[in-house]
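2 protein chains.
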Amino acid sequence: MDPDAHRAAEQGSLLLQDQLCFALYAASRSVIARYRPLLEELGLTYPQYLVMLALWEQDAVSVRELGSALQLESSTLSPLLKRLEAGGLIERRRRTDDERSVVVRLTPAGADLRDRARTVPSAIGDAMGLTVEQDATVKHLLRVLTANVIRD
Amino acid sequence: MDPDAHRAAEQGSLLLQDQLCFALYAASRSVIARYRPLLEELGLTYPQYLVMLALWEQDAVSVRELGSALQLESSTLSPLLKRLEAGGLIERRRRTDDERSVVVRLTPAGADLRDRARTVPSAIGDAMGLTVEQDATVKHLLRVLTANVIRD
DNA sequence: ACCGATTCAGTTGTGCACGACTTAATCGCA
DNA sequence: TGCGATTAAGTCGTGCACAACTGAATCGGT
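Protein chains in written order, with the UniProt record's numbering: chain A, 1 to 152; chain B, 1 to 152.
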């Protein structure tokens with residue numbers, strides 16, 4: 001084993017290219033950048049797209065439930081949802097039985113956008129250029145990593 | 001193969017949890033969140049930490065070279081470097097032979113911070129809870145993915 | 001029924017991240 | 001040599017992301 005690989009294996013390296021965290025950070029930003037022109041046609045930013053994905057999957061959820069699904073704070077979601085509402089894609093209403101809670105619902109325009117978004121995931125999938133097995137492997141390991149990192 | 005797995009394999013799914021992009025986004029943010037308290041002790045944010053990693057590896061580089069290493073625009077780096085300079089960790093000086101270029105150099109305080117940062121990567125590595133092989137696999141696949149996504 | 005603790009959404013302040021643009025310096029070729 | 005094209009860093013505007021906090025509503029035990 002050469003010295004560099006040895007240091008990296010010990011996880012004590014301070015070399016930028018050895019860091020998994022940097023590979024993660026760079027990969028995430030590069031994927032988001034790849035999405036940008038596609039989402040721009042839909043009038044969405046990337047986090048807004050994630051919110052729409054969640055709503056297309058389950059409509060009429062509270063801000064709290066959205067935050068739980070996306071792992072985002074209300075301080076991030078509140079202004080984002082306000083922009084989606086201004087864009088006419090969602091509406092927000094206080095729950096009558098619990099006025100602390102705000103339910104987010106798709107408008108017809110928001111629901112219709114789903115069809116126009118159908119081609120987006122495969123376009124990105126193609127650009128990533130991973131095999132189905134590699135895609136599954138990364139996804140699995142990232143989920144394990146995230147679960148571990150959030151714990152304790 | 002059940003219907004859900006089939007849809008996912010076709011990469012046409014709009015389910016949030018099927019999306020590699022979301023796994024990537026969530027993993028990156030969770031890792032950064034894990035770094036936060038450690039870096040706070042060093043007086044650094046996560047992107048600032050990446051810049052320091054790059055400088056500890058090679059000192060006296062231009063803003064352009066830093067941007068190339070970190071894949072960040074000058075519009076992101078310029079204010080960030082200004083804050084590092086205000087914190088006394090780096091200094092910036094225009095190159096005399098090409099006054100368009102600004103060279104970033106570690107101050108003694110910035111160089112000294114390296115020792116205090118030595119324990120950070122292993123602490124994060126432990127929290128990730130991946131085996132050495134899994135770590136290497138993810139890192140490799142993320143680099144392939146990033147290279148593919150940035151191309152064409 | 002009361003009231004302290006909790007929950008929920010939202011506001012504020014700081015720091016990225018990036019597109020579009022500006023300014024200044026350098027390059028390259030006619 | 002002149003001058004249009006290119007390059008480098010920085011500014012500005014928008015939109016996250018998160019910590020710290022606010023205010024209103026609800027809960028829960030007495």
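Ideal placement from N, C-alpha and C gives every residue a C-beta, glycine not left out.
Could you pull out every unbroken beta strand (DSSP E) segment of at least 3 residues lying fully inside the UniProt domain "HTH marR-type" (17-147) of chain B, listed in chain order? Correct list: 90-94 and 102-106.
Option nearest L106 of chain A by Cα separation, candidates A:E40, A:I124, A:Y49 and A:V144: Per the Cα distances, A:Y49.
Within 10 angstroms of its Cβ, does Q58 of chain A collect 16 or more other Cβ (buried), or is it exposed? So Q58 of chain A ends up on the exposed side.
Check the Cβ of I124 of chain A against every Cβ in chain B and list those closer than 9 Å, keeping chain order. Going along chain B in sequence order, the residues near I124 of chain A (Cβ under 9 Å) are Q11, Q19, L20, C21 and V149.
At least one CB of chain A closer than 9 Å to the CB of V31 of chain B: is that the case? Yes, its Cβ sits closer than 9 Å to a Cβ of chain A.
CB contact check: S28 of chain A to chain B, cutoff 9 Å: Using beta-carbon distances, S28 of chain A counts as an interface residue toward chain B, with a partner under 9 Å.
Of the residues B:I90, B:V144, B:T146 and B:T119, which one's Cα is nearest the Cα of A54 of chain B? Among B:I90, B:V144, B:T146 and B:T119, the Cα nearest to that of A54 of chain B is on B:I90.
Here's the rule I'm using: 16 or more other beta-carbon atoms within 10 Å means buried, otherwise exposed. How should M1 of chain B be labelled? Bear in mind that the predicted position of M1 of chain B carries a pLDDT of just 44, short of 50, making it unreliable; the figure below should be weighed with that in mind. An exposed status is given to M1 of chain B, since fewer than 16 other beta-carbon atoms sit within 10 Å of its beta-carbon.
Excluding the 5 residues flanking R93 of chain B on each side, which residues of the same chain have their C-beta closer than 6 Å to its C-beta? Around R93 of chain B: V103.
Give a yes or no on contact between the stretch 23-40 of chain B and the stretch 22-39 of chain A, applying the rule of three or more CB pairs nearer than 8 Å. Yes, they touch.
List the residues of chain A whose Cβ lies closer than 7 Å to the Cβ of P121 of chain B, in chain order. Listed along chain A are Q11, G12, S13, L14 and Q19, each with a C-beta nearer than 7 Å to that of P121 of chain B.
Residue-chain proximity (E91 of chain B, chain A), Cβ-Cβ < 9 Å: So no, E91 of chain B is outside the interface.
Top-ranked residue by Cα proximity to L113 of chain A, from A:H140, A:E41 and A:T131: Ranked by Cα distance from L113 of chain A, the options A:H140, A:E41 and A:T131 are led by A:E41.
Does the separation of the CB atoms of G88 of chain B and G110 of chain B fall below 9 Å? In this structure, G110 of chain B lies closer than 9 Å to G88 of chain B by Cβ.
Classify K82 of chain B as buried or exposed, calling it buried when 16 or more other Cβ atoms lie within 10 Å of its own Cβ. Counting Cβ neighbours within 10 Å, K82 of chain B comes out exposed, since fewer than 16 surround it.
Short Cβ contact (9 Å threshold) for L39 of chain B with V120 of chain B: Yes, these two residues count as a Cβ contact at 9 Å.
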